[in-house]
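Asker:
Residue numbers (this note's numbering): 7 to 307.
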């Protein structure tokens, strides 16, 4: 068969090969296929290529000839066998044509080999198909190209696997696009070392309302001070009550005065002992009126 390949110089000649013929091609035959010949293969013929032969395709020139229609003929085992070195040769439109089952089949090395342009080309459905293992292949630069719809498409379990470097790569718009379930899924340590103050400032009130006690307790002083007053007011009372003395003392007078009476009533009495004179001066009469006797006593110490 290898002697026949160079002589098949028309699309009709290539497409005349049966799927059985295609399945019987050797790796040498595959190497002999030109990009033009490769582009002439039908989806059925593409699907008949053995996994071994797919793995042997390391020529970026050959894969560059793949069309969106041809990619639709690839089986998941074939996709998993694609060379990571040659994968970047696929056009953006071809990448976008991958079925979600094909995306799931990609190995971590293959996902890591995708170019920034290819990552931009991925659809929201494809991002929604990414697994917890695959997300580890994307670095901060990769994640920085995600559109807000792409971010929202990620499974909460996938978001939960993001590390501090990865989360720092998300744009402020990307952070603001996270659903409450996605944000809640983030590891608490990311609120100490991962999220930047700029990202914290972009949180919506709905997102703030979904934060857990563990996440808020992990907020660094800078990140806590970066929170908008509306976001602080959105925190649940059980979350507010979990704030440490150092965190409460770190609140600006404007932030403290923005807390609701219910939130103020939830503050730990011991923590109130450390309020600064500026914080005390900024408290509203309604806030003071809502304090219990133990809290009032703490303010007097």
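Ideal Cβ placement from N, Cα and C applies to all residues, glycine included.
Considering residue 52, what are the terminal residues of the alpha helix (DSSP H) in which it resides?
Answerer: From DSSP, the alpha helix (DSSP H) with residue 52 extends over 49-54.
Asker: Please report how far the alpha carbon of residue 236 lies from the alpha carbon of residue 208, in whole angstroms.
Answerer: Each residue's Cα considered, the two are about 11 Å apart.
Asker: Between 117, 146 and 281, which has its C-alpha nearest residue 136's C-alpha?
Answerer: Looking at the Cα atoms, 117 is the closest of the given residues.
Asker: Whose C-alpha, out of 201, 11 and 93, is nearest the C-alpha of residue 38?
Answerer: Closest by alpha carbon: 11.
Asker: May I have a chain-ordered list of the alpha helix (DSSP H) segments no shorter than 4 residues that lie completely inside the region 91-148?
Answerer: List check, alpha helix (DSSP H) in window: 98-102, 106-111, 114-119, 122-127 and 130-135.
Asker: Check each candidate in 130, 128, 174 and 155 and name the one with the smallest Cα separation from residue 147.
Answerer: The shortest C-alpha separation from residue 147 is found at 174.
Asker: Three-state secondary structure (DSSP) at residue 288?
Answerer: Three-state result, residue 288: helix.
Asker: Closest by CA to residue 40, which one among 70, 54 and 24?
Answerer: Per the Cα distances, 70.
Asker: Would you mind listing the alpha helix (DSSP H) stretches within the region 222-294 that are 4+ residues and don't spill past its ends, in chain order?
Answerer: List check, alpha helix (DSSP H) in window: 227-232, 235-240, 243-246, 251-256, 259-264, 267-272, 275-278 and 283-288.
Asker: Classify residue 224 as buried or exposed, calling it buried when 16 or more other Cβ atoms lie within 10 Å of its own Cβ.
Answerer: Buried, since its Cβ has 16 or more Cβ neighbours within 10 Å.
Asker: Assuming contact is defined by CB atoms lying nearer than 7 Å, are residue 75 and residue 111 in contact in what I supplied?
Answerer: No, the Cβ-Cβ distance between residue 75 and residue 111 is not below 7 Å.
Asker: Hey, out of 149, 82 and 250, whose CA is closest to residue 219's CA?
Answerer: Comparing Cα positions, the closest option is 250.
Asker: By how many angstroms is the C-alpha of residue 189 removed from the C-alpha of residue 96?
Answerer: Going from the Cα of residue 96 to the Cα of residue 189 covers about 33 Å.
Asker: Between which two residues does the alpha helix (DSSP H) containing residue 57 stretch?
Answerer: 57-61 is the extent of the alpha helix (DSSP H) around residue 57.
Asker: Helix, strand or coil for residue 174, going by three-state DSSP, please let me know.
Answerer: Residue state, collapsed to three classes: helix.
Asker: Does residue 244 pass the burial test, meaning 16 or more other C-beta atoms within 10 Å, or should it be called exposed?
Answerer: Residue 244 comes out exposed.
Asker: Since residue 93 and residue 53 should fall inside the 8 Å C-beta cutoff, what is the C-beta to C-beta distance between them, to a whole number of angstroms?
Answerer: That pair is no contact at about 19 Å.
Asker: Taking the alpha carbon of residue 106 as the point to measure from, which residue in 126, 119 and 132 has its own alpha carbon closest?
Answerer: If we check each option's Cα against that of residue 106, 132 comes out closest.
Asker: Tell whether a beta-carbon distance below 7 Å holds between residue 261 and residue 246.
Answerer: It is not a contact, given that the beta carbons lie outside the stated cut-off.
Asker: So what does DSSP say about residue 153, is it helix, strand or coil?
Answerer: If DSSP states are grouped into helix, strand and coil, residue 153 belongs with coil.
Asker: Once you ignore the five residues that flank residue 5 on each side, which residues in its own chain have a CB closer than 7 Å to its CB?
Answerer: Look at the range of the chain in this structure, 7 to 307, and you will see that residue 5 is not part of it.
Asker: By Cβ distance below 7 Å, which residues in the same chain neighbour residue 8 in space, the five residues on each side in sequence not counted?
Answerer: In this predicted model, residue 8 has a pLDDT of only 48, less than 50, meaning its place in the structure is not dependable; the value taken from the coordinates is given anyway. Result list for residue 8: 32, 34, 35 and 38, in chain order.
Asker: Buried or exposed for residue 109, going by 16 or more other Cβ atoms inside 10 Å?
Answerer: Looking at its Cβ environment, which holds 16 or more other Cβ atoms inside 10 Å, residue 109 is buried.
Asker: In chain order, what residues of the same chain lie with their CB nearer than 7 Å to the CB of residue 142, ignoring the 5 residues before and after it?
Answerer: Same-chain partners within the cutoff: 114 and 167.
Asker: Is DSSP giving residue 216 helix, strand or coil here?
Answerer: Three-state result, residue 216: helix.
Asker: Restricting to Cα atoms, I'd like to know which of 151, 91, 124 and 298 is closest to residue 101.
Answerer: Cα-wise, what sits closest to residue 101 is 124.
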